[in-house]
């Protein structure tokens with residue numbers, strides 16, 4: 033009961049989408065921090081006891097919390113690796129881990145290519161082309177861009193939260209300014225880091241790509257000061 037109480041309390045419909053007032057989030061941050069810490073303590077303690085009972089001749093024990101077997105990114109010695117073959121809801125010693133990556137990144141040409149995808153970027157570092165090699169098709173419509181970040185106006189008439197006027201969904205400006213672009217290599221994945229300024233704020237987004245995993249990840253951090 034004590035573990036789930038803060039989570040369920042903060043599933044209120046205004047807390048989840050971010051339309052509550054500031055005081056609500058100060059308390060929900062405290063509640064979620066405790067719930068996460070409690071959950072990690074139980075998880076890590078159980079994993080340690082299981083690992084201690086196994087033959088770790090291969091050096092690592094892999095856990096699969098999913099109901100299916102799927103190649104998953106994990107961290108080994110601080111670097112990303114891909115492991116597979118672990119039974120659903122099970123665990124086993126890790127025999128084979130993929131720790132390298134052949135993804136090609138060309139910052140000057142604004143291109144990237146994996147075994148499964150071809151990505152091209154426009155001058156704003158928005159995705160102007162995404163080609164799916166396996167299915168032999170263009171993912172984006174002609175003239176469309178992927179990874180478009182938008183700034184919407186917010187001028188509430190009566191309340192400082194809960195209001196969403198009609199103009200808000202129609203009036204927006206794309207966040208196209210680029211401050212810096214870098215390439216990253218992290219074991220079994222490679223990434224492109226794009227830093228964007230907006231007024232006094234900034235947004236840093238890393239686009240992660242893998243060799244054989246059918247996924248492109250977007251890790252986004254916003255330093256909001258407006």
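Residue numbers (the numbering used here): 33 to 258. C-beta: ideal position from N, C-alpha, C; glycine also.
- Taken through DSSP and simplified to helix, strand or coil, residue 40 comes out as helix.
- Judged by DSSP secondary structure, residue 60 falls within the alpha helix (DSSP H) whose first and last residues are 54 to 84.
- No residue range can be given for residue 100, since it is assigned to no beta strand (DSSP E) and is classified by DSSP as neither H nor E.
- DSSP lists 229 and 255 as the bridge partner or partners of residue 234.
- Selection 102, 203, 170 and 44 evaluated against residue 186 yields 203 as nearest (Cα-Cα).
- For residue 142, no beta strand (DSSP E) segment is defined, and its DSSP state is neither H nor E.
- Rounded to the nearest whole angstrom, the C-alpha separation of residue 55 and residue 39 is 17 Å.
- Contact between the stretch 99 to 119 and the stretch 150 to 159 is absent: fewer than 3 CB-CB pairs across the two stretches fall below 8 Å.
- Of the residues 247, 255 and 91, the one whose Cα lies closest to the Cα of residue 103 is 247.
- Under DSSP, the beta-bridge partners assigned to residue 163 are 150 and 170.
- Only residues of its own chain outside the window of five on either side were considered, and among them 144 have a CB closer than 8 Å to the CB of residue 138, listed in chain order.
- Between residue 146 and residue 220 the beta-carbon gap is near 12 Å, outside 8 Å, which marks them as no contact.
- In this structure, residue 234 keeps its C-beta atom at 9 Å or more from the C-beta atom of residue 213.
- By the 16-neighbour rule on beta-carbons within 10 angstroms, residue 228 is buried.
- Put simply, of 157, 168 and 170 the residue whose alpha carbon is nearest the alpha carbon of residue 179 is 157.
- For residue 218, the beta-bridge partners assigned by DSSP are 221.
- Scanning its chain for C-beta atoms nearer than 6 Å, with the 5 sequence neighbours on each side dropped, one finds around residue 238 the residues 223, 225 and 251, in chain order.
- Across the set 108, 58, 142 and 134, the C-alpha of 108 shows the shortest separation from the C-alpha of residue 127.
- When DSSP states are grouped into helix, strand and coil, residue 244 belongs to the coil group.
- Separation of residue 243 and residue 149 (C-alpha to C-alpha, rounded to the nearest whole angstrom) is 9 Å.
- DSSP, read as helix, strand or coil, puts residue 202 in helix.
- With contacts defined as CB atoms closer than 9 Å, residue 123 and residue 172 fail to qualify as a contacting pair.
- Of all alpha-carbon atoms in 48, 207, 129 and 215, the one lying nearest the alpha-carbon of residue 183 is that of 207.
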